[in-house]
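Number of protein chains: 2
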Amino acid sequence: MKVPSSSPGRRERNKQQKLDRITEAADQLFGRFGVDEVTTQQIADAADIGTGTLFLYARSKAELLLLVQNTHYAEAIEAGLLAADDAASPLDAVMALVEPVVECNRRQIENGRTYLRELVFGDPEEPHHRIGLEIIQQVDDAYVEILQRDGRLSAGDAALLARAISAVMFVSLASPAHLQSTDQEVCDDIRNQVRVLLRP
Amino acid sequence: MKVPSSSPGRRERNKQQKLDRITEAADQLFGRFGVDEVTTQQIADAADIGTGTLFLYARSKAELLLLVQNTHYAEAIEAGLLAADDAASPLDAVMALVEPVVECNRRQIENGRTYLRELVFGDPEEPHHRIGLEIIQQVDDAYVEILQRDGRLSAGDAALLARAISAVMFVSLASPAHLQSTDQEVCDDIRNQVRVLLRP
DNA sequence: CCTCATAAATGAGTACATTCATAAAAAACG
DNA sequence: CGTTTTTTATGAATGTACTCATTTATGAGG
Numbered sequence: 001m002k003v004p005s006s007s008p009g010r011r012e013r014n015k016q017q018k019l020d021r022i023t024e025a026a027d028q029l030f031g032r033f034g035v036d037e038v039t040t041q042q043i044a045d046a047a048d049i050g051t052g053t054l055f056l057y058a059r060s061k062a063e064l065l066l067l068v069q070n071t072h073y074a075e076a077i078e079a080g081l082l083a084a085d086d087a088a089s090p091l092d093a094v095m096a097l098v099e100p101v102v103e104c105n106r107r108q109i110e111n112g113r114t115y116l117r118e119l120v121f122g123d124p125e126e127p128h129h130r131i132g133l134e135i136i137q138q139v140d141d142a143y144v145e146i147l148q149r150d151g152r153l154s155a156g157d158a159a160l161l162a163r164a165i166s167a168v169m170f171v172s173l174a175s176p177a178h179l180q181s182t183d184q185e186v187c188d189d190i191r192n193q194v195r196v197l198l199r200p
Numbered sequence: 001m002k003v004p005s006s007s008p009g010r011r012e013r014n015k016q017q018k019l020d021r022i023t024e025a026a027d028q029l030f031g032r033f034g035v036d037e038v039t040t041q042q043i044a045d046a047a048d049i050g051t052g053t054l055f056l057y058a059r060s061k062a063e064l065l066l067l068v069q070n071t072h073y074a075e076a077i078e079a080g081l082l083a084a085d086d087a088a089s090p091l092d093a094v095m096a097l098v099e100p101v102v103e104c105n106r107r108q109i110e111n112g113r114t115y116l117r118e119l120v121f122g123d124p125e126e127p128h129h130r131i132g133l134e135i136i137q138q139v140d141d142a143y144v145e146i147l148q149r150d151g152r153l154s155a156g157d158a159a160l161l162a163r164a165i166s167a168v169m170f171v172s173l174a175s176p177a178h179l180q181s182t183d184q185e186v187c188d189d190i191r192n193q194v195r196v197l198l199r200p
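Protein sequence lines correspond, in order, to chains A and B. Just so we're aligned: 199 in UniProt numbering is position 199 of the first sequence, and the numbers increase by one with no gaps anywhere. Just so we're aligned: 98 in UniProt numbering is position 98 of the second sequence, and the numbers increase by one with no gaps anywhere.
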């Protein structure tokens, strides 16, 4: 048995390199053509690996999309958390979080909708799925914190209201009604709904 | 050119019979095994039609599920609309609508989730999809009416709040978190969220 | 260095939804 | 009726995500 401390070993290095190539290839191809227009074979070819190898690194095409997109959402949410700190009102704070997520989600609308679809309907046990859920949970947690700032809501009610806001954002982003809308229009639509929810 | 008035003609009769056989077969098989465990071939065989014929009557397997389920949801909503009329409070009225839908949706949980998934993410141009959207739009309209009963909300705000309630119901039903829950637990969860939304 | 055990990679194979060229049936027309 | 046109039915063929028996690479022990 070898000590796992110092060197990662060639095996580990190879694995990491392959994962990097896969992530890079999938990100490029998905971003360029949309998840439905890209075959797993094309990704495998672009990453220079065998057909089946791909599925050792992501158990499904959906997982591959989550793997690629999670990073982008994490960045968007980081920005949103910062912006929410100096918002004047709870509504503005919520929207400071919503805006970067909307922007991220709609960079490629088809991918954005598929990402949401898989988060809700995919297998929550899959590794990248789990990570995706953790990432959006951060937004929910931030909503709770925002809603409690002025002390008018109990912790329980704040949690429930936060879930409602998340649901509103989810459905607004997923709905085909907004396929042709601008990001701004989607944000405005969400803001209007949240405004009514917050009106105490 | 023949007058289309009097007799339906053998062609029309055959078509109707086939559609009936397809609907019956799909309803049975989906209900028994769940949509993912049934192949379109099995449905075609059960309906005693050719492989390709199925897709003349429903453009996709998803459309077939919508075709079969729309009827059930329409019935559930009809019951809900009646019950909502003699509810004491807006919250009770909303829940009178929610309960039959939850019951219908969760008769077979996998089918229920797939139904919601296809309604939101499927092609809204497909005929049965369109009908499904019209059916759930009734629920949304009913929410608007309920919310305006006491006159404390403008029409616009009522519409926005109704959409939020719909979003809450959708996400609560779709979420894997409720895979193991009872119908009652799901209803309670939705009720809690709606209660917070309605608290002015 | 050699041998064996274990992990990783591979691509031919599978399953299944959907399509499409062709055939059969029905209607229209004389 | 027979002919032509239009609609409907069919199942073999297709495309694609995913699996799995087999091969190959890596590391451990001697």
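Just so it is clear, CB atoms sit at the ideal spot from N, CA and C, and this is done for glycine as well.
1) Would you list, in chain order, the members of the region 142 to 174 of chain B that have their beta-carbon closer than 7 Å to a beta-carbon of chain A?
2) Any Cβ of chain A within less than 8 Å of the Cβ of residue 120 of chain B?
3) Between residue 5 of chain B and the rest of its own chain, which residues show a CB-CB distance below 8 Å, the 5 nearest in sequence each way excluded?
4) So, is the C-beta of residue 70 of chain A closer than 8 Å to a C-beta in chain B?
5) Can you name the residues of chain A whose CB is closer than 9 Å to the CB of residue 180 of chain B?
6) Residue ranges of each alpha helix (DSSP H) run of no fewer than 4 residues wholly in the region 76 to 144 of chain A, ordered along the chain?
7) Can you find a CB in chain A that lies within less than 8 Å of the CB of residue 193 of chain B?
8) Can residue 136 of chain A and residue 147 of chain A be called in contact, C-beta distance under 8 Å?
9) Taking residue 128 of chain B as the reference, give the member of B:67, B:90, B:57 with the closest Cα.
10) Distance cutoff 8 Å, beta carbons only. Does residue 196 of chain B sit that close to anything in chain A?
11) Return the Cβ separation of residue 173 of chain B and residue 105 of chain B in integer angstroms, given the expectation that the two are a contact with Cβ distance under 8 Å.
12) Could you run through the region 95 to 119 of chain B and flag, in chain order, every residue whose CB is less than 7 Å away from some CB of chain A?
13) With contact counted as at least three CB pairs below 8 Å, one residue from each stretch, are the region 180 to 191 of chain B and the region 181 to 193 of chain A in contact?
14) Enumerate in chain order the residues of its own chain whose CB-to-CB distance from residue 3 of chain A is below 7 Å, with the five nearest sequence positions on each side excluded.
15) Helix, strand or coil for residue 53 of chain A, going by three-state DSSP, please let me know.
16) Grab the span of the alpha helix (DSSP H) containing residue 23 of chain A for me, first residue to last.
17) According to the neighbour-count rule (16 or more other Cβ atoms, all chains shown, within 10 Å of its Cβ), is residue 1 of chain B buried or exposed?
18) What does a CB cutoff of less than 7 Å around residue 98 of chain A pick up in its chain, not counting 5 residues either side in sequence?
19) Indicate the three-state DSSP secondary structure (helix, strand or coil) for residue 151 of chain B in the structure shown.
20) With 16 as the cutoff for other CB atoms within 10 Å, does residue 29 of chain B come out buried or exposed?
21) Is residue 57 of chain B closer than 8 Å to residue 19 of chain B when the C-beta atoms are compared?
22) If the criterion is Cβ atoms closer than 8 Å, does the pair residue 165 of chain A and residue 196 of chain A meet it?
23) Would you mind telling me which residues of chain A sit closer than 8 Å to residue 124 of chain B, beta carbon to beta carbon, in chain order?
24) Around the C-beta of residue 62 of chain A, are 16 or more other C-beta atoms found within 10 angstroms, so that it is buried, or is it exposed?
25) Measuring only the C-alpha atoms, how far is residue 43 of chain A from residue 102 of chain A?
26) Where does residue 156 of chain B land, buried or exposed, given buried means 16+ other C-beta within 10 angstroms?
27) Between the beta-carbon of residue 35 of chain A and the beta-carbon of residue 65 of chain A, is there less than 8 Å?
28) Cutting at 7 Å between CB atoms, please list the residues of its own chain near residue 126 of chain B, excluding the five before and the five after it.
29) Which residue marks the beginning of the alpha helix (DSSP H) containing residue 185 of chain B, and which one marks its end?
30) Identify whether residue 179 of chain A lies in helix, strand or coil by the three-state DSSP scheme.
31) Quick test of your reading: residue 87 of chain B and residue 93 of chain B, contact by CB under 8 Å. State the CB separation rounded to the nearest angstrom.
On the basis of the data shown:
1) Those would be 157, 160, 161, 163, 164, 167, 168, 170, 171, 174, in chain order.
2) The residue given as residue 120 of chain B occupies position 120 in the second sequence. Taking Cβ atoms only, chain A reaches closer than 8 Å to residue 120 of chain B, which makes this a yes.
3) In the second sequence, residue 5 of chain B corresponds to position 5, counting from 1. Unreliable placement is indicated for residue 5 of chain B, whose pLDDT of 42 sits below 50; the coordinate value is still reported in the next sentence. No residues qualify anywhere along the chain.
4) Taking the first sequence and counting its residues from 1, the one referred to as residue 70 of chain A is at position 70. Look at residue 70 of chain A: its C-beta is not under 8 Å from any C-beta on chain B.
5) Within the second sequence, the letter at position 180 stands for residue 180 of chain B. Against chain A, a Cβ distance below 9 Å from residue 180 of chain B picks out nothing, because the smallest value is about 12 Å.
6) Counting whole runs of 4 or more residues, the region 76 to 144 of chain A contains the alpha helix (DSSP H) stretches 90 to 105, 109 to 121.
7) Locating residue 193 of chain B in the second sequence gives position 193, where the first residue counts as 1. At a cut-off of 8 Å between beta-carbon atoms, residue 193 of chain B makes contact with chain A.
8) Here residue 136 of chain A corresponds to residue number 136 of the first sequence, with the count starting at 1. Here residue 147 of chain A corresponds to residue number 147 of the first sequence, with the count starting at 1. No, the Cβ-Cβ distance between residue 136 of chain A and residue 147 of chain A is not below 8 Å.
9) Here residue 128 of chain B refers to the residue found at position 128 when the second sequence is read from its first residue. Comparing Cα-Cα distances from residue 128 of chain B to each of B:67, B:90, B:57, the minimum goes to B:67.
10) Translated into positions along the second sequence, residue 196 of chain B becomes position 196. At least one chain A Cβ lies under 8 Å of residue 196 of chain B.
11) Sequence index remark: in the second sequence, residue 173 of chain B carries index 173 (1-based). Sequence index remark: in the second sequence, residue 105 of chain B carries index 105 (1-based). Under the criterion of beta carbons closer than 8 Å, residue 173 of chain B and residue 105 of chain B qualify as touching, at roughly 5 Å.
12) Taking a C-beta cut-off of 7 Å against chain A, the contacting residues of the region 95 to 119 of chain B are 113, 117, listed in chain order.
13) Too few Cβ pairs lie closer than 8 Å, so no.
14) Position 3 of the first sequence holds residue 3 of chain A. Any answer about residue 3 of chain A is weak, because its pLDDT of 39 lies below 50 and its placement is not dependable; what the coordinates show is given next. Counting only Cβ-Cβ distances below 7 Å, and skipping sequence neighbours, we find nothing.
15) Reading the first sequence from its first residue, position 53 is the one you call residue 53 of chain A. Three-state result, residue 53 of chain A: coil.
16) Reading the first sequence from its first residue, position 23 is the one you call residue 23 of chain A. That run of the alpha helix (DSSP H) goes 9 to 33.
17) Taking the second sequence and counting its residues from 1, one reaches residue 1 of chain B at position 1. Reliability fails at residue 1 of chain B, whose pLDDT of 39 lies under 50, so the model's placement of it is uncertain and the value that follows must be treated cautiously. Exposure of residue 1 of chain B is indicated by the presence of fewer than 16 other C-beta atoms within 10 angstroms of its C-beta.
18) Here the question's residue 98 of chain A lines up with position 98 in the first sequence. Non-local C-beta neighbours of residue 98 of chain A in its own chain, meaning closer than 7 Å and more than five positions away in sequence, comprise 169, 187, 190, ordered along the chain.
19) Here the question's residue 151 of chain B lines up with position 151 in the second sequence. Residue state, collapsed to three classes: coil.
20) Start at 1 with the first residue of the second sequence, and residue 29 of chain B comes out as number 29. Residue burial is scored here from C-beta neighbours: residue 29 of chain B has at least 16 other C-beta atoms within 10 angstroms and is therefore classed as buried.
21) Against the second sequence, residue 19 of chain B aligns to sequence position 19. Against the second sequence, residue 57 of chain B aligns to sequence position 57. Cβ distance < 8 Å, so residue 19 of chain B and residue 57 of chain B count as in contact.
22) For this step, residue 165 of chain A is matched to residue 165 along the first sequence. For this step, residue 196 of chain A is matched to residue 196 along the first sequence. In this structure, residue 196 of chain A does not lie closer than 8 Å to residue 165 of chain A by Cβ.
23) The residue you call residue 124 of chain B lines up with position 124 of the second sequence. Per Cβ cutoff of 8 Å: 176.
24) The residue given as residue 62 of chain A occupies position 62 in the first sequence. Classification for residue 62 of chain A: buried.
25) The residue labelled residue 43 of chain A in the question sits at position 43 within the first sequence. The residue labelled residue 102 of chain A in the question sits at position 102 within the first sequence. Approximately 27 Å, taken between the alpha carbons.
26) By one-based count along the second sequence, residue 156 of chain B stands at place 156. So residue 156 of chain B counts as exposed.
27) In the first sequence, residue 35 of chain A corresponds to position 35, counting from 1. In the first sequence, residue 65 of chain A corresponds to position 65, counting from 1. It is a contact, given that the beta carbons lie within the stated cut-off.
28) By 1-based counting over the second sequence, the position of residue 126 of chain B is 126. Closer than 7 Å at Cβ, skipping near neighbours: 59, 63.
29) Mapped onto the second sequence, residue 185 of chain B falls at position 185. DSSP places residue 185 of chain B in the uninterrupted alpha helix (DSSP H) bounded by 183 to 198.
30) For the purposes of this step, residue 179 of chain A is taken as residue 179 along the first sequence, with counting starting at 1. In the structure shown, the three-state DSSP call for residue 179 of chain A is coil.
31) Against the second sequence, residue 87 of chain B aligns to sequence position 87. Against the second sequence, residue 93 of chain B aligns to sequence position 93. Yes, residue 87 of chain B and residue 93 of chain B are in contact; Cβ-Cβ is about 4 Å, under 8 Å.
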